[in-house]
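Everything on this sheet refers to the single structure shown next.
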Amino acid sequence: MKVDVRTIDGQAMSASAASESVGSTLRIAPAFVATAVDESTGVETTIEAHYSASRGRYIITTIVNRAIADDFNEDRLKHAAPQAILQVAIPHCVALQLDDDPNASWTTVADLTTAEGRIIPPWMAQAVVKRGMKGERWEVIEILYGTAALADLPPVKLIALELDVPERTASDWVQKARAAGWLVGMTSNVGRPAGA
Numbered sequence: 052m053k054v055d056v057r058t059i060d061g062q063a064m065s066a067s068a069a070s071e072s073v074g075s076t077l078r079i080a081p082a083f084v085a086t087a088v089d090e091s092t093g094v095e096t097t098i099e100a101h102y103s104a105s106r107g108r109y110i111i112t113t114i115v116n117r118a119i120a121d122d123f124n125e126d127r128l129k130h131a132a133p134q135a136i137l138q139v140a141i142p143h144c145v146a147l148q149l150d151d152d153p154n155a156s157w158t159t160v161a162d163l164t165t166a167e168g169r170i171i172p173p174w175m176a177q178a179v180v181k182r183g184m185k186g187e188r189w190e191v192i193e194i195l196y197g198t199a200a201l202a203d204l205p206p207v208k209l210i211a212l213e214l215d216v217p218e219r220t221a222s223d224w225v226q227k228a229r230a231a232g233w234l235v236g237m238t239s240n241v242g243r244p245a246g247a
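Now the structure itself:
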């Protein structure tokens, strides 16, 4: 699904729009508007979402479905798929620095996402699962956990999939990352409990 993600004032979403700090390494856009067009059904769906610090995720505040073709599917018009749009939009709204230099530029998680739809490049996933890579591992755990939690998806499942580890290992790493001071202010109520 292709989704057009914009700031509330209509500008294209970029790392510079991610102005609110979440966790120790992430910044997010405080709100966004995302639009998806389903050519096969002739329906356009637009959502508006705002970050809620108390819930630790984006909350959809508006959903608008609109017919854009004469032969639109009226059943599809009645039933929006806002969660799917939210999940595709979130990586465009989360930014991080890939360099420890405080003056390094910020990049969105969507800019990191590979053609296969993965958030973390395979070389990075292979590197952080090795022994002795705890600091780098916790940083990647925070990126993946934050991306999933903000979209109200199960973080442990995403971490297991991205890093090619069992869910039990992913859950353990989430708990250890949290104990090491990462994941501050991030919680998830989805999936297997992993220290919240």
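Going by the numbering used here, the sequence shown opens with residue 52, and the numbers climb by one from there. Note that CB positions come from ideal geometry on N, CA and C, so glycine has one too.
Rounding to the nearest angstrom, what Cα-Cα distance links residue i and residue j in this structure?
i, j, result
"Thr86", "Glu125", "18 Å"
"Ala211", "Glu218", "5 Å"
"Asp122", "Gly107", "40 Å"
"Arg127", "Lys185", "47 Å"
"Asp89", "Ser239", "30 Å"
"Asp220", "Ser72", "Checking the sequence shown, residue 220 turns out to be Thr, not Asp. If you take the alpha carbons of Thr220 and Ser72, they lie about 27 Å apart."
"Ala120", "Gly183", "56 Å"
"Asn154", "Arg169", "27 Å"
"Met237", "Val180", "22 Å"
"Lys227", "Ala100", "31 Å"
Give the secondary structure of residue i by DSSP, where H, G and I count as helix, E and B as strand, and everything else as coil.
i, result
"Ala247", "Low per-residue confidence applies at Ala247: pLDDT is 45, beneath 50, and the placement is therefore not dependable, though the value from the model is reported in the following sentence. Ala247 falls in the coil class under three-state DSSP."
"His143", "helix"
"Lys108", "One point to set straight first is that residue 108 is Arg, not Lys, in the sequence displayed. If DSSP states are grouped into helix, strand and coil, Arg108 belongs with the strands."
"Trp157", "strand"
"Ser222", "helix"
"Gln62", "coil"
"Asp55", "strand"
"Ile79", "strand"
"Gly242", "At Gly242, the pLDDT of 48 sits below 50, so the modelled position is not reliable; the number obtained from the coordinates is stated separately. Coil at Gly242, not helix or strand."
"Ala176", "helix"
"Ser70", "coil"
"Ile192", "helix"
"Glu187", "helix"
"Val207", "helix"
"Arg182", "coil"
Closest by CA to residue i, which one among the options?
i, options, result
"Leu214", "Ile171, Ala100, Leu201", "Ile171"
"Leu201", "Ala63, Pro217, Thr58, Ile79", "Ile79"
"Val191", "Leu149, Ala161, Arg108", "Leu149"
"Ser188", "Thr238, Val216, Leu137", "The residue asked about is misnamed: residue 188 is Arg in this sequence, not Ser. For the residues Thr238, Val216, Leu137, the minimum Cα distance to Arg188 belongs to Val216."
"Glu193", "Arg182, Lys181, Ser222, Ile136", "Ser222"
"Arg57", "Asp89, Leu137, Gly74", "Leu137"
"Lys53", "Ser75, Ala140, Asp162, Asn154", "Ala140"
"Val84", "Pro133, Glu71, Thr159", "Pro133"
"Thr76", "Thr159, Leu204, Asp203, Lys129", "Thr159"
"Asp55", "Val180, Met237, Ala161", "Ala161"
Can you determine whether any heavy atom of the ligand COA sits closer than 7 Å to the C-beta of residue i, and answer yes or no?
i, result
"Gly74", "In terms of ligand content, the structure shown is empty, and the ligand COA therefore cannot be addressed."
With C-beta atoms as the reference, is residue i less than 8 Å away from residue j?
i, j, result
"Ile111", "Ile98", "yes"
"Ile114", "Ala82", "no"
"Pro206", "Val225", "yes"
"Trp157", "Ala69", "yes"
"Ala135", "Asn116", "no"
The region 176-183 in contact with the region 86-97 per 3-pair CB rule at 8 Å: no
Touching by the beta-carbon criterion (3+ pairs, under 8 Å), the region 188-206 and the region 141-159: yes
contact_flag[the region 52-68, the region 102-117] where n(CB pairs < 8 Å) is 3 or more: no
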